[in-house]
Amino acid sequence: MDVNRRRLDDANVTLMGLPLPELRCRTRTSLLGDSERPAWVIGHQPEFIHPGVWFKHLVADRMARVTDGVAVNLIVDSDVPKSTGLRVVRRQGDELIVTHVLVPTAEPRFPYEHWPAVTAGRLAAFRAEVRQAMGAAFEESLMPGFFEAFGRSEDSGGFVEQMARGRRVADELVEAELLEQRISRCWGGPLLGEMLLNAERFAAAYNAALADYRRERRIRSATRPMPDLQRAGEGVELPL
1 MDVNRRRLDD ANVTLMGLPL PELRCRTRTS LLGDSERPAW VIGHQPEFIH PGVWFKHLVA
61 DRMARVTDGV AVNLIVDSDV PKSTGLRVVR RQGDELIVTH VLVPTAEPRF PYEHWPAVTA
121 GRLAAFRAEV RQAMGAAFEE SLMPGFFEAF GRSEDSGGFV EQMARGRRVA DELVEAELLE
181 QRISRCWGGP LLGEMLLNAE RFAAAYNAAL ADYRRERRIR SATRPMPDLQ RAGEGVELPL
């Protein structure tokens, strides 16, 4: 951690004329209220996640504790969904039965940030479908607590805030404390300005970094970990 900090402090990088160390200090102060404490940052889309993804929450929390830092979870609500449903797996005899339950208000064409809150009536119907699909395992799972937290209020945060409240049920079981920020609400500033003013150079560097990453890890898919930025005539795509 100390080595990383020294390298970043020594980096000869400026964004909109501001040195990187100054920007890092400003960001940490704005986010954490402290310019010195380390931040352990993770992130994922506001969707139903498997234990391997959720385990990052526990790791970030524990690392923050031992370093007097802060664990931060970035909710990637600026993405469109990969799936609009919940896959429920139930054992029936020697077989595994998979049921796909559609998430209320799911809209595959729009990013999560634009999904409206799930009303009490639609949430009750969703809960009933999941309970039926899970059978006897439902009451022994985290799902009753998830649905209770999910439906506490229908605030302006929409589906994203409801989903975050439900997921925190799992965090609380292991006493994991994470500061949460939605990507859609923290994007902007000097980095955005630099990207817009130097779109072609940024896109070229971005795509080159992705190519190196895929080659080193022998990834064949052109969409992993994310697609290259594209050009359309004189237009240059940016990861916004």
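Take the sequence shown: its position 222, counted from the start at 1, is 222 in this note's numbering, and no numbers get skipped. Note that the Cβ used here is the ideal one computed from N, Cα and C, for glycine as well.
Who are the near neighbours of residue i in its chain, counting only those whose CB is closer than 7 Å to its CB and skipping five residues on each side?
i	result
residue 107	115
residue 120	151
residue 112	45, 46, 77, 79, 81, 159 and 160
residue 195	202 and 238
Can you check DSSP and say which residues form a bridge with residue i?
i	result
residue 40	71
residue 235	232
residue 26	Per DSSP, none; premise fails for residue 26.
residue 45	According to DSSP, which records beta bridges pairwise, residue 45 is partnered with nothing at all.
residue 180	73
residue 14	19
With a threshold of 16 other CB atoms inside 10 Å of the CB of residue i, please say whether the residue is buried or exposed.
i	result
residue 219	exposed
residue 163	buried
residue 127	buried
residue 239	exposed
residue 109	exposed
residue 166	buried
Which residue comes first and which comes last in the beta strand (DSSP E) that contains residue i?
i	result
residue 86	85-92
residue 80	Where residue 80 is concerned, there is no enclosing beta strand (DSSP E), given that its DSSP letter is neither H nor E.
residue 97	95-102
Using a Cβ-Cβ distance under 7 Å, would residue i count as near chain C?
i	result
residue 125	In summary, chain C is missing from the structure at hand, where a single protein chain is found.
Counting only the same chain and skipping the five closest in sequence on each side, list residues whose C-beta sits under 6 Å from that of residue i.
i	result
residue 123	151
residue 241	The question about residue 241 has no answer, for the chain in this structure spans 1 to 240.
residue 48	86
Take residue i and list the residues in its own chain whose beta-carbon comes closer than 8 Å to its own, dropping the five residues that flank it on each side.
i	result
residue 134	88, 90, 141 and 143
residue 37	28, 68, 69 and 70
residue 96	89 and 90
residue 53	44
Hey, quick one: how far does the alpha helix (DSSP H) through residue i stretch, first residue to last?
i	result
residue 124	120-134
residue 54	51-66
residue 227	Careful: residue 227 lies outside any alpha helix (DSSP H) and carries neither H nor E.
residue 171	158-173
Query raised in the report: Just checking, does the stretch 55-73 make contact with the stretch 177-186 on the three C-beta pairs under 8 Å criterion?
Result: yes
Report task. Check whether the stretch 48-59 touches the stretch 163-177, counting contact only when three or more Cβ pairs, one atom from each stretch, lie closer than 8 Å. Result -> yes
**Report entry** Inter-stretch contact (C-beta, 8 Å, three-pair minimum) for the stretch 22-42 and the stretch 201-208
**Finding:** no
Requested in this report: Would you check if there are 3 or more beta carbon pairs closer than 8 Å linking the stretch 11-19 to the stretch 185-195?
Outcome: yes
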